[in-house]
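Before any comments, here is the structure.
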Amino acid sequence: SKRKAVVPGLAEHPLQYNYTFWYSRRTLGCPTSSQSYEQNIKQIGTFASVEQFWRFYSHMVRPRDLTGHSDFHLFTEGIKPMGEDDASKNGGKWIIRLRKGLASRCWENLILAMLGEQFMVGEEICGAVVSVHFQEDIISIWNKTASDQATTARIWDMLRRVLNLPPNTIMEYKTHTDSIKDNSSFRNTKITL
Amino acid sequence: GTRIIYDRKFLMDCRNSPVTK
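Top line first, the protein sequences correspond to chains A and B. Sequential numbering from 147 applies to the first sequence in our numbering. Sequential numbering from 1069 applies to the second sequence in our numbering.
If you want it as structure tokens, here you go:
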């Protein structure tokens, strides 16, 4: 890559990894093939420190103010927010459906936990997504090894703690293989808290 | 290896630090 490496500035606090913010917007009736998905997703920028994160985040629209069907993605630099990416292809995600009004707070708590390495699962975390829909919002956190039950259980436990979710919130774990197969990210095994 | 861990409060405090602004 010809792009200049992003590094922490002087007196800034480095993060464990560099992260990239992405934005995507889905058009109604548009096919959701991975090709069109890749065309619809735009990089916002990459940061390497806590301070650089805040400079991006403070200027970004909050999920509650997004219109239509849009998503923010925050992924480790070098990992595309697609199940087909080499880092994610054997992985999966915890999916949490939220009633309207909760997404902004939950998204902030989720990404702060991720950036601060609160999940304690080594290099397993790929990134997180908030998807704004008309009737509900969905947040998800992706990890690399769907078959690693100790890791997925630990992520679930930390999610419950950092998100402070209402009782009866539905959490589902779904492998990317299944998401790609049925072309819908948000179905399958349901776990009610 | 060592991992760089920050809690929520620390990250929130950095938001208001002069270095961020």
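For each residue, glycine too, the CB sits at the ideal point set by N, CA and C.
Nearest to residue i by CA position, among the options, is which residue?
i         : options                                   : result
A:His315  : A:Gly191, A:Ala249 and A:Gly237           : Looking at the sequence shown, residue 315 of chain A is not His but Thr. Here the closest residue by C-alpha is A:Ala249.
A:Trp288  : A:Gln281, A:Val275, A:Phe193 and A:Ala299 : A:Val275
B:Pro1086 : A:Glu197, A:Trp253, A:Asp328 and A:Ile190 : A:Glu197
A:Asp300  : A:His279, A:Ser277, A:Gln264 and A:Thr192 : The sequence as given places Arg at residue 300 of chain A; Asp does not occur at that position. Ranking A:His279, A:Ser277, A:Gln264 and A:Thr192 by Cα distance to A:Arg300 puts A:Gln264 first.
A:Phe218  : A:Trp253, A:Ala259, A:Pro313 and A:Ala151 : A:Trp253
A:Thr323  : A:Glu230, A:Leu258 and A:Gln295           : A:Glu230
A:Arg210  : A:Asp294, A:Met304, A:Ser277 and A:Phe193 : A:Ser277
Any C-beta of chain B sitting closer than 9 Å to the C-beta of residue i?
i        : result
A:His159 : yes
A:Asn255 : yes
A:Val196 : yes
A:Arg333 : At A:Arg333 the pLDDT is 44, less than 50, meaning the model places this residue with poor confidence; the figure from the coordinates comes in the next sentence. Not one chain B Cβ lies under 9 Å of A:Arg333.
A:Gly191 : no
A:Ala274 : no
A:Ser204 : yes
A:Gly300 : Per the sequence shown, the amino acid found at residue 300 of chain A is Arg instead of Gly. A:Arg300 does not count as touching chain B.
A:Ala249 : no
What does a CB cutoff of less than 6 Å around residue i pick up in its chain, not counting 5 residues either side in sequence?
i        : result
A:Asp340 : Any question about residue 340 of chain A goes unanswered here, given that chain A covers just 147 to 339.
A:Arg333 : Confidence at A:Arg333 is low in this model, with a pLDDT of 44, below 50, so its placement is unreliable and no value can be given for it.
A:His215 : Arg172 and His279
A:Ala292 : Gly237, Gly238 and Thr321
A:Ile242 : Ile285 and Met317
A:Ile326 : Gly229
If residue i and residue j are in contact, beta carbons under 8 Å, what's the gap, nearest whole angstrom?
i        : j         : result
A:Tyr165 : A:Leu212  : Between A:Leu212 and A:Tyr165 the Cβ distance is about 20 Å, and since that is not below 8 Å, they are no contact.
A:Phe199 : A:Leu261  : 6 Å
A:Met304 : A:Ala259  : 7 Å
A:Pro160 : B:Ile1072 : 6 Å
Bridge partners of residue i, per DSSP?
i        : result
A:Val276 : A:Phe218 and A:Ile285
A:Thr173 : The partner list for A:Thr173 (beta bridge, DSSP) is empty, contrary to what the question assumes.
A:Thr166 : A:Thr192 and A:Phe221
A:Glu318 : A:Ile241
A:Pro160 : A:Ser195
A:Ile271 : A:Asn289
Flag residue i as yes when its Cβ comes closer than 8 Å to any non-hydrogen atom of the ligand GDP, and as no otherwise.
i        : result
A:Gln198 : Of the ligands one can find in the structure shown there are none, so the ligand GDP has no counterpart to examine.
Give me, in chain order, the residues of the same chain whose beta-carbon lies closer than 8 Å to that of residue i; leave out the 5 immediate sequence neighbours on both sides.
i        : result
A:Glu269 : Lys290
A:Asn91  : The requested residue 91 of chain A does not occur in the structure, where chain A is confined to residues 147 to 339.
A:Gly191 : Thr166, Phe167 and Phe202
A:Thr298 : Gly238, Trp240, Asn289, Ala292 and Tyr319
With a CB to CB cut of under 7 Å and the five nearest residues on each side skipped, what residues in its chain are close to residue i?
i        : result
A:Ile257 : Leu220 and Ala274
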